[in-house]
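Q: Residue numbers (my numbering): 232 to 383.
(1) Hey, how far is the Cα of residue 283 from the Cα of residue 378?
(2) Where residue 279 and residue 287 are concerned, what is the direct C-alpha to C-alpha distance, given to the nearest angstrom?
(3) Could you check what DSSP says for residue 324 in three-state terms: helix, strand or coil?
(4) Could you check if residue 293 is buried or exposed, using at least 16 other CB atoms within 10 Å of its CB as the buried criterion?
(5) Does the separation of the CB atoms of residue 364 and residue 339 fall below 7 Å?
(6) Measure the C-alpha to C-alpha separation of residue 239 and residue 370 and round it to an integer number of angstroms.
(7) Expressed to the nearest angstrom, what Euclidean distance is found between the alpha-carbon atoms of residue 257 and residue 250?
(8) Using CA atoms only, rank isn't needed, just tell me which of 318, 382, 376 is closest to residue 300.
(9) So is residue 312 buried or exposed if we call it buried at 16+ other beta carbons inside 10 Å?
(10) Could you pull the start and end residues of the alpha helix (DSSP H) that residue 298 belongs to?
(11) Would you give the residue range spanned by the alpha helix (DSSP H) that residue 374 belongs to?
(12) Report the rounded CA-to-CA distance for residue 270 versus residue 330, giving the unit in angstroms.
(13) Residue 262 by DSSP, collapsed to three states: which one?
(14) Are the Cβ atoms of residue 373 and residue 308 separated by less than 7 Å?
(15) Of the residues 337, 352, 351, 362, which one's Cα is nearest the Cα of residue 345?
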């Protein structure tokens, strides 16, 4: 039986937050080599993590738009001091939006079939994605821009 958590604290080991669409839990967290099941949605967890990292989610979004010119699917510096950055795979308000943690991505590969790409993390874990290689690479680049803007 799965242990279901009420909430989850994003940390240096968090790889991804995936929507679950289950009655008992809303998010599947990929952390290191394990999966965790959490009642809160991925966006709720991102907002909480941003606040714990020192600023409101909307404040981080506004800041990144100002510094980079990015207006859609804005990557969020969850905790820049700990090098924790996450990007949405689609509009954060869409229920199917996943959040990928930039620092753990090793490679993004194209694939054929229902899924359009595979994200491989540095720990060897892979997740299949509906988004194309192009979209995910663009999000990686945008996240790099955000990281660069904060480090200047």
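Glycine residues also receive a C-beta, built at the ideal position from the N, C-alpha and C atoms. Quick caveat: nothing in here was measured; it's all calculated off a predicted structure.
A: In brief:
(1) Within the chain shown, residue 283 is the residue found at index 52, counting from 1. Within the chain shown, residue 378 is the residue found at index 147, counting from 1. Taking the straight line from one Cα to the other gives about 18 Å.
(2) Along the chain shown, one-based indexing puts residue 279 at 48. Along the chain shown, one-based indexing puts residue 287 at 56. One C-alpha to the other measures close to 8 Å.
(3) Here residue 324 corresponds to residue number 93 of the chain shown, with the count starting at 1. In this structure, residue 324 counts as coil in the three-state DSSP scheme.
(4) Within the chain shown, the letter at position 62 stands for residue 293. It is exposed - the Cβ of residue 293 has fewer than 16 other Cβ atoms within 10 Å.
(5) Within the chain shown, residue 364 is the residue found at index 133, counting from 1. Within the chain shown, residue 339 is the residue found at index 108, counting from 1. A contact, by the Cβ cut-off of 7 Å.
(6) For the purposes of this step, residue 239 is identified with residue 8 of the chain shown, where counting begins at 1. For the purposes of this step, residue 370 is identified with residue 139 of the chain shown, where counting begins at 1. Spanning the two alpha carbons is a distance of roughly 24 Å.
(7) For the purposes of this step, residue 257 is taken as residue 26 along the chain shown, with counting starting at 1. For the purposes of this step, residue 250 is taken as residue 19 along the chain shown, with counting starting at 1. Whole-angstrom Cα-Cα distance: 6 Å.
(8) Counting from one through the chain shown, the residue named residue 300 turns up at place 69. Checked all of 318, 382, 376; the closest Cα to residue 300 is 376.
(9) Translated into positions along the chain shown, residue 312 becomes position 81. Result: exposed.
(10) Translated into the one-based positions of the chain shown, residue 298 becomes position 67. It spans 288-299 - the alpha helix (DSSP H) in which residue 298 sits, taken as one unbroken run.
(11) Within the chain shown, numbered from 1, the residue matching residue 374 stands at position 143. Residue 374 -> alpha helix (DSSP H) spans 364-382.
(12) Here residue 270 corresponds to residue number 39 of the chain shown, with the count starting at 1. Here residue 330 corresponds to residue number 99 of the chain shown, with the count starting at 1. Near 16 Å, if we compare the C-alpha coordinates of residue 330 and residue 270.
(13) Residue mapping note: residue 262 aligns to position 31 of the chain shown, counting from 1. Residue 262 falls in the strand class under three-state DSSP.
(14) By one-based count along the chain shown, residue 373 stands at place 142. By one-based count along the chain shown, residue 308 stands at place 77. No, the Cβ-Cβ distance between residue 373 and residue 308 is not below 7 Å.
(15) As a first step, residue 345 must be located in the chain shown, where it is residue number 114. Comparing Cα positions, the closest option is 362.
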